[in-house]
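Written out below as structure tokens is the structure these notes cover.
There are 2 protein chains.
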Amino acid sequence: MNKYGRLCRSTHLRFALPHAGIANRSVLVLGRKAYSSQRVVNNIRNHRWYSSKLAPKLTAESYPDVKRDQRFKSLSSEDIAYFRSFLSESELVEANEGNDNIAAFNEDWMRKYKGQSKLLLKPKTVVNVSRIMKYCNENKLAVVPQGGNTGLVGGSVPVFDEIILSLANINKIREFDPVSGIFKCDAGVILEAANDYLEEQGYIFPLDLGAKGSCHVGGVVATNAGGLRLLRYGSLHGSVLGLEVVLPNGKIVNSMHSLRKDNTGYDLKQLFVGSEGTIGIVTGVSILAAPKPKATNVCFLATDDYATVQKVFVRAKQELSEILSAFEFMDDKSLLLTKEHLKDVQFPLENEYPFYILIETSGSNKEHDDSKLEAFLESAMEDGLVVDGVVAQDETELANLWQWREMIPESSQSHGGVYKYDVSLPLKSMYSLVEACNERLTEAGLLGDAPKPVVFAIGYGHVGDGNLHLNIAVREYTKDVEKCLEPFVYEFVQSHFGSVSAEHGLGFQKKNYIGYSKTPEEIEIIKDIKNHFDPNGIMNPYKYV
Amino acid sequence: MNKYGRLCRSTHLRFALPHAGIANRSVLVLGRKAYSSQRVVNNIRNHRWYSSKLAPKLTAESYPDVKRDQRFKSLSSEDIAYFRSFLSESELVEANEGNDNIAAFNEDWMRKYKGQSKLLLKPKTVVNVSRIMKYCNENKLAVVPQGGNTGLVGGSVPVFDEIILSLANINKIREFDPVSGIFKCDAGVILEAANDYLEEQGYIFPLDLGAKGSCHVGGVVATNAGGLRLLRYGSLHGSVLGLEVVLPNGKIVNSMHSLRKDNTGYDLKQLFVGSEGTIGIVTGVSILAAPKPKATNVCFLATDDYATVQKVFVRAKQELSEILSAFEFMDDKSLLLTKEHLKDVQFPLENEYPFYILIETSGSNKEHDDSKLEAFLESAMEDGLVVDGVVAQDETELANLWQWREMIPESSQSHGGVYKYDVSLPLKSMYSLVEACNERLTEAGLLGDAPKPVVFAIGYGHVGDGNLHLNIAVREYTKDVEKCLEPFVYEFVQSHFGSVSAEHGLGFQKKNYIGYSKTPEEIEIIKDIKNHFDPNGIMNPYKYV
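Residue numbers (UniProt numbering), protein chains in the order written: chain W, 1 to 545; chain F, 1 to 545.
Next comes the structure, spelled out in structure tokens:
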């Protein structure tokens, strides 16, 4: 018998919610070997932590077709002397001989990209960000703004010798109004720190994601991150109220005073939400925090096929309605890798199934929420939609169930590396992309036991947002695999009217694929805006569009 | 005894929710003279309906300092011949001698502004909108895009001889996906029609406002309207997923295929949400509909002072949390005017109080919602926050309670006219603006019994959004009153870090006041974007910025 409250097909009334006080209720203790996303992110804080042990090649070598833009000036000792004139010792780091001292800022988290920057600037004030940008713009020095450097598309690291401008030292919480829920902070505040601060005041940050222990609030906004709470709290385009932004020419544009509603003029801040550092540097964020839920439930369910996952989603929207805060799905292969990776951690279900669903509810009344969840589970079991499942009985179990979803990204690269695609697709055709990739890789002779490069393709993601994470677990990165996948994945998405980047952004990886999601007219305007704000093209070059 | 379920200070347990089945429960029938916002809006559909009987003066006469821009060409018979070459009889209306035939399109709803357009175009296709714009741009003919013409800042009518381009004939619902909730329609679909359509499928439009019977979905988006559901469903910047827009040069930009998440490139559609027809014409809208609540409760409460209104709001956020869908406040003067206006309709409370609150909850489980509301009301009564109140017992009573809030705008002009201000202010200083206006108008000798021009200033609005509607009820519009109010109101808002337009937009009325809410850097970028998209300045000139 599983240690969670339990659901199974033949005895569907045996599941129990915490308040029901069933006999076999107990706390699941995962033991010393337990991972939790919390621990992982804390590790990230203390030392640079990568998704892979494979050392990356220089981006310039991996992508020889991308050439350094000769309009940009090379860094000189005069430039460094100028920066030193107003930055302290700790705000300016010159690369040593082997670049080791700033390697963590030159390489991305996935270790797919590696830049060759010789200079890392970490200003402590917005005014100094402005001075840096003004100088770089006048002298045509290219710049990569960098937050927590947790991006998944190579957007936050240099491609060649761009100066790295890190926001890590601009990291103060500015103010919070507990009546309106408006929270203001510097861009460099770690997402988890912002959320911890808000939780103490009865609120939460309206966005959550796996990298919360190292990503910055400013980076989250600049990349328009999605994450785990979007289904409930909506996108950052709705919750961000104001920004402080340094433009390429050094001008500071400030809308941090905005209240919840301000309908005067174009909503300029929206341009910077998701601009990936290409037209300005976000230095401050004002955002509407959400009241902290008083009750949270999590259940982990199994279904027989993908069609049923969709039915469970429709049912959950109907029955859980305003308390539904997450609806995540995972295929069997996702959890196969995660089981391997978590080793001794006990899997919540006794058997294996083709698809799993994690549902979270968040509300203000535990009794009401339990009752709604109970009614939903009972009807889903009775109609044969859900074939097995468990409901977390306490905070520990809740965190443990979540880890089976949150550890998938890390587990998916445990064989060596991973090709990550993050796409939006209409719900009905979402999973067929994963199947198509496995077929295609098998046919190409690339998928199978070692030494074949590909382990397999897995699919998981935010069903509630129409967002699939397609991960191709590999033993090594090869050009053959890349050619087999691209542009195939993008063409598939385009033909199904999806987006080639649901939440990860474009960065370096998807620069050339925007045409699969945007029309020529849109791309023309996007380029136009880029050129207008950044006529010298110094902001995060070789990326985005 | 009042006919609603009843709350009062001394016997706070006497209130009853519908399921409690109290003895005195009965349906309030308002009788033949009853108004309902529903009836009013239906009237609007059948004939043009204004807020005032006072005929407007020409804007050119009221504001002699505003001069016609001589860059614009005057309409010629060649121009009309060109438009006739592809538009049918019903799509092109030339003004007759007295302009009577297109007066309803030249005048705004408040009858404060009156243009002198000689040509009304009502194309039936987006392609023809594009042809019109291309021609107007090449020939420097100024254009006013017009939706339902229900705006409150003179933004949707011409100032001089601009061509009126109405979207009324582009009015088809395009598609709806009941799994994702994504709804797509033409810009000219009436908001109420869109909502009715969605309700049949178990969803609602995520925005509601008093003018729903005549305003267009496209107009709502182009002006970034707020309305009554913002507290629950957030702003249009979060819920609009894609737009179809015709640019000033005639190019059609289309992002209607977007799914819930698309993170590729700047989110261009956001520029058009709230652009008030100054850089493009919204012709199609894709928006995320919200599931239709299965249960709705409304209560109408009284408090002794404004400080207590704030306390009730904080309490409601805590206790009603995810089911709180509206929190509206009204001062005594607002309801004094509404009582006069509604005449024989019975007021829900027996006594009068300084402040009233309307709270709406929307949820998926009637029993749970009733229980939450009951607990909230009990605690608010026990702590002396709420001194009287009623809870609607059925749909009819619910609509009747809402009308005491929804009829305020109309009632506020029943003495002749109204100066309307729609501002964001921090909650604590929100009502002091109303008090300051009454004091100032009294000191200036402008407020009092006839023949003094001002009846008094009233305050009401969306507490949940920090949004105050300040209405100055007047017997006539005079320059003295206007000078007494402006820039005073704007200066007050600026000094409290508010917005001079929370949801009404800028239009003609607030063009010169954007500087009270936006910094010079922001205004520079806004002007820059305007000039960039519309270099000939033909789109909705003399307005916005």
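Ideal Cβ positions, reconstructed from N, Cα and C, are used throughout, including at glycine. Here the structure is a predicted model, which is why all the values come from computation and not from measurement.
How far does the alpha helix (DSSP H) with residue i in it reach, from first residue to last?
i: F/THR278; result: It is not in any alpha helix (DSSP H) - F/THR278 carries neither H nor E in the DSSP assignment.
i: F/SER396; result: Residue identity check: residue 396 of chain F is Thr in the sequence provided, not Ser. Unbroken alpha helix (DSSP H) run through F/THR396: 395-406.
i: W/ASN254; result: Here W/ASN254 belongs to no alpha helix (DSSP H); instead the beta strand (DSSP E) covers 252-254.
i: W/VAL144; result: Counting along the chain, W/VAL144 falls outside any alpha helix (DSSP H), though it belongs to the beta strand (DSSP E) covering 143-146.
i: W/ASN137; result: 126-139
i: F/PHE492; result: 488-495
i: F/TYR233; result: 230-233
i: F/GLY218; result: 217-222
i: F/ILE102; result: Element bounds for F/ILE102: n/a, residue is neither H nor E.
Within the continuous beta strand (DSSP E) that includes residue i, where are the two ends?
i: F/LEU447; result: First-last for F/LEU447: undefined, no H or E at that position.
i: F/LYS511; result: No beta strand (DSSP E) holds F/LYS511; DSSP gives it neither H nor E.
i: W/LEU243; result: 240-246
i: W/PHE456; result: 454-462
i: W/GLY389; result: 388-391
Hey, how far is the Cα of residue i from the Cα of residue j?
i: F/SER26; j: F/GLU199; result: Confidence at F/SER26 is low in this model, with a pLDDT of 27, below 50, so its placement is unreliable and the value that follows should be read with caution. Approximately 27 Å between the Cα atoms of the pair.
i: F/VAL29; j: F/PHE376; result: Reliability of the predicted coordinates at F/VAL29 is poor, the pLDDT of 25 falling under 50, and no value is obtained from them.
i: W/PHE183; j: W/ASN139; result: 36 Å
i: F/GLY210; j: F/ARG229; result: 11 Å
i: W/LYS333; j: W/VAL474; result: 13 Å
i: F/GLY416; j: F/THR442; result: 19 Å
i: W/SER166; j: F/HIS462; result: 40 Å
i: W/ASN467; j: F/ARG174; result: 24 Å
i: W/SER499; j: W/LEU425; result: 7 Å
i: F/ASP370; j: F/LEU398; result: 14 Å
i: F/VAL454; j: F/GLY445; result: 9 Å
i: F/CYS483; j: F/TYR477; result: Sequence check: residue 483 of chain F is Lys here, not Cys. Near 11 Å, if we compare the C-alpha coordinates of F/TYR477 and F/LYS483.
i: W/LEU17; j: W/ALA380; result: Here the model assigns W/LEU17 a pLDDT of 37, short of 50, so the residue's position is not dependable, and the following value carries that caveat. Their Cα atoms are separated by approximately 15 Å.
i: F/HIS469; j: F/LEU152; result: 12 Å
Give the C-beta separation of residue i and residue j to the nearest angstrom, bearing in mind that I take them to be a contact with Cβ-Cβ under 8 Å.
i: W/ALA302; j: W/TYR233; result: Contact doesn't hold; Cβ gap of about 28 Å is too wide.
i: F/LYS518; j: W/THR264; result: 6 Å
i: F/ALA392; j: F/VAL298; result: 5 Å
i: W/ASN106; j: W/SER88; result: Rounded, the Cβ-Cβ distance is 22 Å, inconsistent with contact.
i: W/VAL390; j: W/LEU349; result: 7 Å
i: F/VAL93; j: F/ASN101; result: 6 Å
i: W/GLY188; j: W/GLY218; result: 6 Å
i: F/PRO145; j: F/ASN540; result: 7 Å
i: W/THR150; j: W/SER214; result: 5 Å
i: F/GLY148; j: F/GLU503; result: Not quite, the Cβ-Cβ distance comes to about 16 Å (not below 8 Å), so this is no contact.
i: W/LEU121; j: W/ILE132; result: 6 Å
i: W/ASN137; j: W/PRO248; result: 5 Å
Whose CA, out of the options, lies closest to the CA of residue i?
i: F/ASP465; options: F/LEU75, F/GLU350, F/PHE160 and F/ALA326; result: F/ALA326
i: W/PRO64; options: W/TYR431, W/PRO123, W/PHE160 and W/LEU120; result: W/PHE160
i: F/GLY459; options: F/ASN471, F/LYS452 and F/PRO453; result: F/ASN471
i: W/VAL157; options: W/ASP267, W/LYS114, W/GLY363 and W/ALA193; result: W/LYS114
i: W/LEU259; options: W/GLN346, W/ILE252 and W/SER239; result: W/SER239
i: F/ARG71; options: F/LEU141, F/ASP79 and F/CYS484; result: F/LEU141
i: F/SER364; options: W/GLU360, W/LEU373 and W/HIS496; result: W/LEU373
i: F/TYR513; options: F/ASP534, F/ILE163, F/LYS543 and F/GLU521; result: F/LYS543
i: W/LYS510; options: W/LEU485, W/LEU191 and W/SER495; result: W/LEU485
i: W/ILE287; options: W/ASN249, W/VAL545 and W/LYS261; result: W/LYS261
i: W/PHE347; options: W/VAL143, W/VAL309, W/ASN400 and W/LYS269; result: W/ASN400
i: W/VAL273; options: F/LYS251, F/LYS294, F/LYS269 and F/SER76; result: F/LYS269
Compile a chain-ordered list of the residues in the segment 307-333 of chain W whose CB is closer than 9 Å to at least one CB of chain F. GLN310, PHE313, VAL314, LYS317, GLN318, GLU319, LEU320, SER321, GLU322 and ILE323
For the segment 211-231 of chain W, enumerate the residues whose C-beta is nearer than 8 Å to any C-beta of chain F, in chain order. THR223, ASN224, GLY226 and LEU230
Determine which residues of the segment 262-294 of chain W have a Cβ less than 7 Å from any Cβ of chain F, and write them out in chain order. ASP262, ASN263, THR264, GLY265, TYR266, ASP267, LEU268, GLN270, LEU271, VAL273, GLY274, SER275 and PRO291
Chain-ordered residues of the segment 492-525 of chain F with a beta carbon less than 9 Å from chain W: PHE497, GLY498, SER499, VAL500, SER501, ALA502, GLU503, HIS504, GLY505, LEU506, LYS510, TYR513, ILE514, TYR516, SER517, LYS518, THR519, GLU521, GLU522, ILE523, GLU524 and ILE525
At a Cβ cut of 8 Å, what residues of the segment 239-264 of chain F count as close to chain A, listed as they run along the chain? Of the chains in the structure shown, none is chain A; the protein chains are W and F.
Chain F contacts made by the segment 440-470 of chain W, where a contact means CB separation under 9 Å: HIS462, GLY464, ASP465, GLY466 and ASN467
Selection of the segment 368-390 of chain F by Cβ proximity to chain W, strictly under 8 Å: HIS368, SER371 and LYS372
Chain-ordered residues of the segment 178-211 of chain F with a beta carbon less than 7 Å from chain W: VAL179 and SER180
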